[in-house]
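These notes concern the structure reproduced below.
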Ligand code: AMP
């Protein structure tokens with residue numbers, strides 16, 4: 003992949019004052035500003051967001067902040083990979099102009115007492131697993147970053163599907179004048195969704211982690227053969243995970259907007275999974291489309307549970323190079 007190198011011109015800023023001052027001339031010139039919020043340890047998933055921002059905006063700001071408020075376990079926060087020098091180089095190569103890397107004290111100064119919470123949708127999936135503090139932390143920091151930078155557009159990945167739903171709601175509810183752009187999940191050649199946490203996986207865990215995408219794909223295959231009952235679809239996924247010794251925190255078929263559980267795949271649905279692989283927590287998701295056949299009678303569809311998939315088989319049609327799913331980047 004060839005990228006224009008902006009590394010010589012990338013500036014790293016530590017304070018809100020510096021960030022605002024750096025953007026003054028851009029605002030005067032009526033340049034469009036794109037913000038890509040990250041927690042660092044950048045990989046191709048993050049870079050795809052930066053590249054999209056580069057295509058669409060005159061100025062690209064990447065924020066790098068490991069937000070303690072969204073970690074429910076201290077050990078997870080401590081283990082989170084931090085690689086600022088490398089991140090600055092990669093962000094610049096992908097087209098970033100400014101790296102905003104504030105300290106915890108800059109974001110949460112003494113006496114900080116405000117939080118932003120999106121009720122309902124935050125309580126499902128990740129919220130149910132990680133507790134209400136997780137999305138409160140995400141929403142508070144995203145609101146703050148949007149206020150600090152005041153971008154025209156902010157870029158997020160479909161990899162964190164619930165985060166996208168919650169942030170869209172937050173932006174609508176608070177009338178924030180920013181366009182939310184969502185980019186498809188970028189995967190490793192074998193299908194594993196790229197994540198900063200993948201760096202924490204040892205070789206056997208890396209192999210085991212493939213079960214998440216394997217389970218999503220086996221459910222997708224089953225649905226493509228006409229199964230529409232959520233219990234049957236999810237059972238097939240659970241079997242696939244269990245065959246690799248993975249016990250999910252959740253594996254759910256939900257409405258993509260409300261995140262409420264679906265009993266039938268009778269409309270577009272979000273299929274989402276979270277699991278600990280060793281000490282590393284991973285998430286993944288896919289959109290499922292129903293096929294247009296009527297609801298099947300019990301036993302009509304070939305059941306992958308009885309003809310159990312060999313867990314060691316390669317995932318069908320896994321991409322050969324880091325791949326982006328066909329979800330559109332849209333507001
Ligand atoms: P993080 O640093 O994990 O907070 O992620 C920062 C942004 O990158 C979020 O909007 C994520 O959804 C997005 N992101 C993380 N992994 C991927 C991926 N594999 N593909 C696309 N976007 C991603």
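Residue numbers (my numbering): 3 to 333.
Positions of the beta carbon are idealized from the N, C-alpha and C atoms, including for glycine.
Bear in mind the structure is a predicted one, so any value in this text is a computation, not a measurement.
Considering residue i, what are the terminal residues of the alpha helix (DSSP H) in which it resides?
i           : result
residue 68  : No alpha helix (DSSP H) holds residue 68; DSSP gives it neither H nor E.
residue 216 : 205 to 226
residue 137 : 134 to 151
residue 85  : Premise fails: residue 85 is in no alpha helix (DSSP H) and is neither H nor E.
residue 27  : 18 to 30
residue 233 : 232 to 245
residue 109 : 106 to 109
For residue i, does the count of other Cβ atoms within 10 angstroms reach 16, so buried, or fall short, so exposed?
i           : result
residue 177 : exposed
residue 220 : buried
residue 204 : exposed
residue 56  : buried
residue 106 : exposed
residue 294 : exposed
residue 77  : exposed
residue 80  : exposed
residue 302 : Because residue 302 sits at a pLDDT of 45, beneath the cut-off of 50, its placement in the model cannot be relied upon, and the following sentence gives the value as read from the coordinates. Per the 10 Å Cβ criterion, exposed.
residue 87  : exposed
residue 11  : exposed
residue 17  : exposed
residue 30  : exposed
residue 311 : Its pLDDT being 35, under 50, residue 311 is placed unreliably by the model, and nothing is read from it.
residue 199 : buried
residue 271 : buried
residue 174 : exposed
residue 15  : buried
residue 308 : For residue 308, the pLDDT reaches just 38, beneath the cut-off of 50, and the residue's location in the model is therefore unreliable, leaving the point undetermined.
residue 179 : exposed
residue 27  : exposed
residue 37  : buried
residue 23  : exposed
residue 128 : buried
residue 133 : exposed
Quick one: measure Cβ to Cβ for residue i and residue j, integer angstroms, because I've assumed they're closer than 8 Å.
i           : j           : result
residue 336 : residue 289 : As displayed, the chain neither begins before 3 nor continues past 333, which places residue 336 out of reach and without an answer.
residue 143 : residue 43  : Residue 143 to residue 43, Cβ: 17 Å. No contact.
residue 35  : residue 25  : 6 Å
residue 218 : residue 239 : 7 Å
residue 141 : residue 172 : 5 Å
residue 156 : residue 182 : 6 Å
residue 189 : residue 216 : Rounded, the Cβ-Cβ distance is 12 Å, inconsistent with contact.
residue 51  : residue 151 : No, residue 51 and residue 151 are not in contact; Cβ-Cβ is about 15 Å, not under 8 Å.
residue 225 : residue 83  : Incorrect: roughly 35 Å between the Cβ atoms, too far for contact.
residue 126 : residue 275 : Not quite, the Cβ-Cβ distance comes to about 14 Å (not below 8 Å), so this is no contact.
What residue range does the beta strand (DSSP E) around residue i cover?
i           : result
residue 156 : 155 to 159
residue 288 : 282 to 290
residue 36  : 35 to 40
residue 43  : Where residue 43 is concerned, there is no enclosing beta strand (DSSP E), given that its DSSP letter is neither H nor E.
residue 101 : 100 to 102
residue 172 : Not the beta strand (DSSP E): residue 172 falls in the alpha helix (DSSP H), residues 163 to 175.
residue 185 : 181 to 185
residue 279 : 271 to 279
residue 250 : 250 to 256
residue 14  : 13 to 15
Compute the minimum distance between the beta carbon of residue i and the heavy atoms of the ligand SAM, and state whether it is under 7 Å.
i          : result
residue 89 : This structure simply doesn't include the ligand SAM; it includes the ligand AMP instead.
With a threshold of 8 Å between beta-carbons, can residue i be considered close to chain B, or not?
i           : result
residue 231 : The displayed structure is made up of one protein chain only, and chain B is not part of it.
Does the segment 56 to 64 come close enough to the segment 91 to 106 that 3 or more CB-CB pairs lie under 8 Å?
-> Counting Cβ pairs under 8 Å, three or more are found: they touch.
Could you tell me whether the segment 226 to 240 touches the segment 108 to 121, using the rule of 3 or more Cβ pairs below 8 Å?
-> no
Would you check if the segment 160 to 167 and the segment 256 to 274 touch, i.e. whether three or more CB-CB distances between them fall below 8 Å?
-> yes
Take every Cβ of the segment 188 to 195, pair it with every Cβ of the segment 267 to 278, and state whether three or more of those distances are shorter than 8 Å.
-> At 8 Å Cβ cutoff, the stretches do not touch.
Evaluate the contact criterion for the segment 207 to 227 versus the segment 275 to 292: three or more CB pairs, one atom per stretch, below 8 Å.
-> yes
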